[in-house]
Structure formats: structure tokens, C-alpha cells
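>
Residue numbers (my numbering), protein chains in the order written: chain B, 1 to 427; chain A, 1001 to 1427.
Now the structure itself:
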């Protein structure tokens, strides 16, 4: 152990290699001199590290062809990271749709696929849909399963990282206690990570969305379900049992507080401001004053909550009353988030974030009245893709963690994505 | 710069010295061989580092007298950290009392002093009380100002670390916008840090209180004021503008949410569950049923909220009704904290944490009904001293940060507490 302690030759060797790889990855193209300058390493050390990284396939000299073990002559001095050296798969499993995004090691999407999960009535059917959607995306991109280096899945519910199970997911039938990593591991040689979907959405918004590159961000999902993903000091805050951000279970209506128990798989705040609540409120409002004309097709079984916002914007008074009440309730649920966390920014996503700017202005006014500071409140930039993009980000982080090994580890860096026990420990 | 980069001789020298000092500080007494084993450094490297650390006064050989520049003969091989090499001062400024704790570099208190601030009607009078209390504590301990290495002050209100001002402190007259670090710097040669008092309380409970050594903890102050200090992954969460944890401004009573504006320096939640509210509720309850006998001396101008809890425990029905209502409200304010953060533990401190176990049991039941997981809720172990002890912890961290220099810094370690610009940057 002593030989690999801080300052030992083995640790320095690895650290130097990781520094070089990190510098190359962060830039498009780099000359040797630039790498030496960025890393503070000597030119010979940089050359030695690059030789090993080329051999492993992670970088190449820009005028090289595909990397081979034998190169003829002196290579060019411009180096690039081989973002095509491997791929990651991001999966968003939802009650309505499963979305798969395949991305290269720069995080650029190379293929996507969607399938409906509305007809999946149990976990076997849901797993089949997931596998078929992944198969579809891989086929479209002509990427082989063996070049997939990491897979991340976003699921509704509370995810227990230690036991690798989805603990509490009332919105998906048969999903409680499922060990998703184990179920999907047979489909890949790569590690499979599982994370709460809203947690992935905040990761995505901080990476490439409305909050990039902010460090203290709350993402609020607003649709049928309501939940928060919390990012503190650039890290996901999961909580003691992975149950942080359970905004949907907040009670804002009952004077004594409504018990957090589920009804139809929804918590008190979801039942107060979620899409189903909005549709029910619109129908109740219309039936209360049946003589008034309303633009809302309130008798349609397909009435969408977003239409209620649009009707309000268009001047429909019944819709306006519903929207005003909903925004006041929603502000009451957001206020504790802001008072307690004082984030740099709140990003609102999910289907109802598709409402117009008037809704956002009213929401800001409602929230700020209840708070001490006027926190920035923004609309999600990634929309329905936020969870899958966040899953890509998580899978990339997993690859990077193995690609840029820690100084403490003693063995040689493990480039290959076959370190199953790591995935088990994390997923 | 390159000469001091990662792996350079200068950086390694500093890092080795810091490793040795860290190892010695964490243990009571260490032999050279143990230090070598703990740090992974060679014996000659350890000896060289120890010689420099002895010379600077930070460690000594256990059979040495006070450290001097000249030692005769070969020193003994057992080394200890000189916790008496310097002292820190922790100050808790409150609307009722100012408390000062002086501690050595192990954090062991060597003197304390209190003075009432109730008669201080403006900032000049308040600053005089603070200075006099510090003077008192120093005189009792016979510690000279020159051996004070860092000072930390806990203040009510939102503290802006960048501008080093207390931004919002309605409970202290004339305190808003005060630059406390600047005001107190003339009293010390040492850096002066300023932090929100509830933030210091959570630091203290995680260090030596009910939450030690938990990493995700919320401390809830419950007295005339109500506030939360949030500790996430072992770090204080201050928020975008230092306004995290403003639980006192939560609205739980008004159906549409009560605006966060102050009344008498208190926020909506403080007006619903703080000591003043409890006393007012007890008086109203007693006047509503004047024929009933009550153990509460409700006409006394000195009625204390804690007496209401004690009367309820003793069977007084009027007091019981008040306590039940207060606990239900308090649970509604704590529930968002738990649903959003899912901490490892909630610690309740402040004057009302002095209520009996029955209150804690009722509070746990009330909170858990509104939440998904049964978070541990505990009584503060440090009581009224939490803020001053947290200030000691903050001052120690400041000393440690300068004592254990970062690897990136290029110059020699700066042991002396004269780096004023650092304190300015932080305080």
C-alpha cells in the first residue's frame, strides 16, 4: 500500500494519464505543447501518457485513421479525444412513454427511439417495452451492444441505490421493489445505473438546459405527477433514503395538513395541482355555471390540462378562474422549496411547463409574494427529453469515473466497461 | 507556476507536512513509526516535516518543554499536537444574550462569558456588549488577544458572505446592513468570520451534538424565532444569497399563503408557532373559558411558552388544546423540510426544545403522518450553547484551512494568523 500512497510513482503515473486525458477531452483538438501547459507536465511525460491512451483507443492523433497497435512513422502533434470510442444509453421509463437516447462519449445523441407504455399493465410487459425500444434505437444507429459502455435508466419513484431497487413508484403498475439494474443487466455487457427520473431531469437542465452551468438548482416536474430534483453545489441531493424532492406529497389544501398517503398513486400536492386535478377543476367550474359559454370542451374525455391554460390565455373566464386557483396552489408548494433551499434557479418542466408566458409571470408573482428573495424561475429548455438526456449524463459520468481513475486506486486504469461489480455497487 | 504543479517537489513538501500535521492532530500521541504508517511517508521525510512543525510551534515531542529553537540531544519519539498553540473565539449575538466561548485548537472550551443584550437598543450599544463580553472571557482565561487565531460570530438574519454584512435581521435593532467583520476587526489581530446563527447551530450539533457525526442534518431553531440550518453532505448549505433555511417565513395558516413580509420582526411561521404566538394562544384560550380553572398564570406578563407545555404535561386542558394546535402547525412546517430534503436527522433546538418527551412524541407522529419516510427527530444536545459552539467550530475550520495549506498554493505554509485578506475574502 505504501508504494501507492500519495506522491508514489504509480499514483503519479495514473494521475498524469488522467490529467492528459481530461485535458484532451475538454478541448476539441490540442497540440502536445498545449497539453503540457494545461497539465503542468513535462513534454516527455505527456508523450508517454498519450502513447498509452492511443493504444487503449481513447485518443488519436488528428491525422490518424482508426487507432491500431502499430503506427508507422512519427505521428502528427495534434490530438483529439475519440468520442466514438464508445457509446452510452439513456432510458426514460414513464407511465405513458419509454424514450431511449444513444449518445457518443461527448454526449452527442446518435439515435433516439420512443414507444408507448400505456398498454403495459405489469412489470413484464413494461420490461419488454424497454428492451424493444433499446433494440430499436441500437438498430437505427447501427451501434453494437458491445460498444455500449454504460446504461442509465430514469424511473418514477424512490430509488434505493444500496439495494438497487425502485422502492415506491405508484404511477407504474408492478414497479415497486423492482431491481431494474438486475433485470436489464442481461441485455448489456455494460453497467446499468438506475436513478429517479426527476433527479435525472435536474442533471440534464444543469448540463445542457435552462440551468447550465448553475450549481444550485431545483427542477420541478409539473404534469400528472409533481416532483422536484435538487442539485446542490453541482451534486444531486438524493436524501437519506433517496426520498428527497418528494414535492408531490406536500399538503397545501387541508388546514391540518393532509396525510401523505397515496390516492390513485398520487400524493396530496399532485391531487391539488397535477393535470388530473386541473381537468377535474375545469369540469367542476363549467358544470357550476352551465349557462355560460366556455371555450373548454369540458365534456371531452380527452380534455388536456394544457388546454385549460390556453383557454384562459384566450380570455375564457371559467378557465381563468381555474388557472388562477391552480397557480396560487402551485406557488404555495414552491414557496417552501425557495425559503428552505434558496437555490440559484428553479426550472419548471413537465407537460404543464408548456403553458404560456402569462402563466410563468403569474407563478413568479405568486411565489415571490411568499418568499424573501426573488429567485429566478425559468421554463425547462429540454422539455420531454430532459429525463433521457439526464440518463445520458449519468451514464457518461459513470464512464468518466472509470476512464479517469482516482489517484487512490492502486491497479492500472480499467478502460473496458466490464467492471460489473462497480455497477452493482452504484446501481 | 509549473514548478509548483501537481507532483512538483515544492507541492510534495507542503503536502507531506500537511499530512504529518493532520495525522498528529487527529491522534493524541503518535510515534514516528505510526506517523510514517498513517501517512505513507518515509521516516526521514516524517522527521524533516516534524522538525519544521516543532519549530513553528504546532507540535512537540511529548517530553519536551515549551518549544524552542534549540533543543539539546536527540528528542523523544512521541509527538503530540500543541492544542495550546493558539485559541479561537466563538460569539453568539442574540436579542436577549451575547455568549462568548474561548476554545483551544482541539476545540475544548477554556472560558465562557455571557451578557444581556436586552438593554442594547442600537448597534453601538450591541457592539459594546459584544466587546465587553469578549474582554470578560479573555480576562477569565488569562489568554492574550495576540494568541487568538480566529474569531467567528453568529448573528440572527441573512448574512451576505461576499459583502460581509448582516442583510436582514429584524430581531436585532439597527443590525441590518452591519458589516460585523469590519466592526470587530479592530478588537483582534485575527480574522473575524460572520455566519447566520442557526447555520452555526447545525454545525455544532453535527460536530459535538445530537447529530454527530451525521452528514445530512437539518437543525430547527424553535423559540421566539424559528429557523433552519441545513447541513448537506457534511457541508453547510447557505443558498444563493445566504437565505436558505428561512423556515420562519413559511406560511401554514392562510389558505392562500401569507405574504412573507415581517410583522414585529417575525415571519408567518414564527407568528404561528413561535413563543410569542404560544403565549398569545394560551391567553386567548384562557379568556375564552374564564370559568375553568387553569394552572397557567395567563395574566402574568412574564408567562413563558415553555410553561404552557409543562402545564399541558401536568394535565391542564386549556394548555393541552394550545399545545395540540401548536404541534399540528409545527408539524406542517417541518413536513416540507422532510419531503424536500429527506435528511438523515432533524434536530430541534432553541428554547422550546426544552419541552418534555411527550411533545417530541406528538411532534414525530404529526410530522410522520405528513411524510413518506419516518425521519429521525431528536432534541438538541447543546441547548442554548449550540450557536457559540458552532462559532468555535467555524473559527477552528478557518485556522485549519490556513494550518493545513492546500497543495495548489505555491509559497511556504503561513502559520501566523495575520492573513487578513483571507478573512476579508471569507467573512
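Note that beta-carbon positions come from the ideal geometry of N, C-alpha and C, so glycine has one too.
All figures in this text were calculated on a predicted structure; none of them were measured in a lab.
Quick check on the DSSP output: the alpha helix (DSSP H) that includes residue 206 (chain B) runs from which residue to which?
Residues 197 to 208.
> Could you give the distance in angstroms between the alpha-carbon of residue 206 (chain B) and the alpha-carbon of residue 351 (chain B)?
Spanning the two alpha carbons is a distance of roughly 19 Å.
> Thinking residue 199 (chain B) and residue 158 (chain B) are a contact (beta carbons under 8 Å), I'd like their distance in whole angstroms, please.
Actually they do not touch by this definition, with Cβ atoms about 10 Å apart.
> By Cβ distance below 7 Å, which residues in the same chain neighbour residue 362 (chain B) in space, the five residues on each side in sequence not counted?
327, listed in sequence order.
> Is residue 229 (chain B) close to chain A, meaning its C-beta is less than 8 Å from at least one C-beta of that chain?
No, its Cβ sits nowhere closer than 8 Å to a Cβ of chain A.
> For chain A, is any of its Cβ atoms less than 8 Å away from the one on residue 49 (chain B)?
Chain A contact via Cβ: absent.
> DSSP three-state call for residue 191 (chain B): helix, strand or coil?
Correct three-state label for residue 191 (chain B): coil.
> Within 8 Å of any Cβ in chain B, is that where the Cβ of residue 1406 (chain A) sits?
Only weak support is given to the placement of residue 1406 (chain A): the predicted model assigns it a pLDDT of 39, under 50, and the value that follows is read from those uncertain coordinates. Residue 1406 (chain A) does not count as touching chain B.
> If you count every other CB in all the chains shown that lies within 10 Å of the CB of residue 1026 (chain A), and 16 or more means buried, which is it?
Label assigned to residue 1026 (chain A): exposed.
> Got a sec, what are the start and stop residues for the beta strand (DSSP E) residue 220 (chain B) sits in?
Residue 220 (chain B) -> beta strand (DSSP E) spans 217 to 222.
> In whole angstroms, what is the alpha-carbon distance linking residue 100 (chain B) and residue 382 (chain B)?
Each residue's alpha carbon lies about 15 Å from the other.
> In chain order, what are the residue ranges of uninterrupted beta strand (DSSP E) at least 3 long that sit wholly in the region 1369 to 1395 of chain A?
Listed in chain order, they are 1376 to 1379.
> Please list, in chain order, the residues of the region 227 to 253 of chain B that have any C-beta partner in chain A closer than 9 Å.
Result list: 228, 230, 232, 233, 235, 237, 238, 239, 240, 241, 242, 243, 244, 245, 246, 247, 248, 249, 250, 251, 252 and 253.
> Rank A:1258, A:1366 and A:1162 by C-alpha distance to the C-alpha of residue 257 (chain B) and give the top, closest one.
Looking at the Cα atoms, A:1366 is the closest of the given residues.
> Could you compute how far the alpha carbon of residue 255 (chain B) sits from the alpha carbon of residue 399 (chain B)?
Approximately 49 Å, taken between the alpha carbons.
> According to DSSP, what are the bridge partners of residue 1115 (chain A)?
Per DSSP, A:1098.
> Along chain A, which residues have their Cβ under 8 Å away from the Cβ of residue 168 (chain B)?
Going along chain A in sequence order, the residues near residue 168 (chain B) (Cβ under 8 Å) are 1372.
> Out of B:29, B:55, B:173 and B:23, which has the shortest C-alpha to C-alpha gap to residue 474 (chain B)?
Absent from the structure is residue 474 (chain B), since the part of chain B shown begins at 1 and ends at 427.
> Candidates B:85, B:148, B:20 and B:273: which alpha carbon is nearest residue 392 (chain B)'s?
Considering only alpha carbons, the answer is B:148.
> What does residue 208 (chain B) reach in chain A if we use C-beta pairs closer than 7 Å?
Per Cβ cutoff of 7 Å: no residues; residue 208 (chain B) is ~21 Å from chain A at best.
> Could you tell me which whole alpha helix (DSSP H) segments of length 4 or greater appear in the region 1258 to 1335 of chain A?
The region 1258 to 1335 of chain A contains these whole alpha helix (DSSP H) runs: 1268 to 1273, 1275 to 1288 and 1305 to 1313.
> For residue 1353 (chain A), decide whether its Cβ has a neighbour in chain B, counting only Cβ atoms nearer than 8 Å.
Closer than 8 Å: no.
> What span of residues does the alpha helix (DSSP H) with residue 1134 (chain A) cover, start to end?
1123 to 1141 is the extent of the alpha helix (DSSP H) around residue 1134 (chain A).
> Please name the residue, chosen from B:218, B:135 and B:220, that lies closest to residue 113 (chain B) on a Cα-to-Cα basis.
The residue with the shortest Cα to Cα distance from residue 113 (chain B) is B:135.
> So which of A:1310, A:1271, A:1084 and A:1215 has the shortest CA-CA distance to residue 1105 (chain A)?
Measuring from the Cα of residue 1105 (chain A), the nearest candidate turns out to be A:1084.
> Spatial neighbours of residue 379 (chain B) within its chain, please: CB distance less than 7 Å, with the 5 preceding and 5 following residues excluded, ordered by chain position.
If we look at residue 379 (chain B) and ignore the five residues flanking it on each side, its Cβ neighbours are 210, 348, 353 and 360.
> Do three or more CB pairs link the region 54 to 63 of chain B to the region 120 to 139 of chain B at distances below 8 Å?
In short, these stretches do not touch, since the Cβ pair count stays below three.
> For residue 90 (chain B), which residues does DSSP report across the bridge?
Answer by DSSP bridge pairing, in chain order: B:101 and B:152.
> Residues of the region 1031 to 1056 of chain A with a CB closer than 7 Å to any CB of chain B: list them in chain order, please.
Answer in chain order: 1040.
> Our contact map puts residue 394 (chain B) next to residue 152 (chain B) with C-beta atoms below 8 Å; I'd like the distance itself, whole angstroms only.
Indeed, because the Cβ distance is near 4 Å, the residues count as touching under 8 Å.
> Whose C-beta lies closer than 6 Å to the C-beta of residue 1422 (chain A) among residues of the same chain, with five residues either side of it excluded?
Unreliable placement is indicated for residue 1422 (chain A), whose pLDDT of 33 sits below 50; the coordinate value is still reported in the next sentence. Correct list: empty, nothing qualifies.
> State the start and end residues of the unbroken beta strand (DSSP E) segment that holds residue 1080 (chain A).
Residues 1078 to 1081.
> Is the Cβ-Cβ distance between residue 128 (chain B) and residue 97 (chain B) less than 8 Å?
No; because the gap between Cβ atoms is not below 8 Å, this pair is not in contact.
> Assign residue 288 (chain B) to one of two classes, buried (16 or more other C-beta atoms within 10 Å of its C-beta) or exposed (fewer than that).
By the neighbour-count rule (16 or more Cβ atoms within 10 Å), residue 288 (chain B) is not buried but exposed.
> Which residues mark the beginning and the end of the beta strand (DSSP E) in which residue 165 (chain B) is found?
Note, residue 165 (chain B): beta strand (DSSP E), 165 to 168.
> Let me make sure I understand the geometry here. Which of B:286, B:284 and B:247 has the alpha-carbon closest to that of residue 268 (chain B)?
Answer by Cα proximity: B:247.
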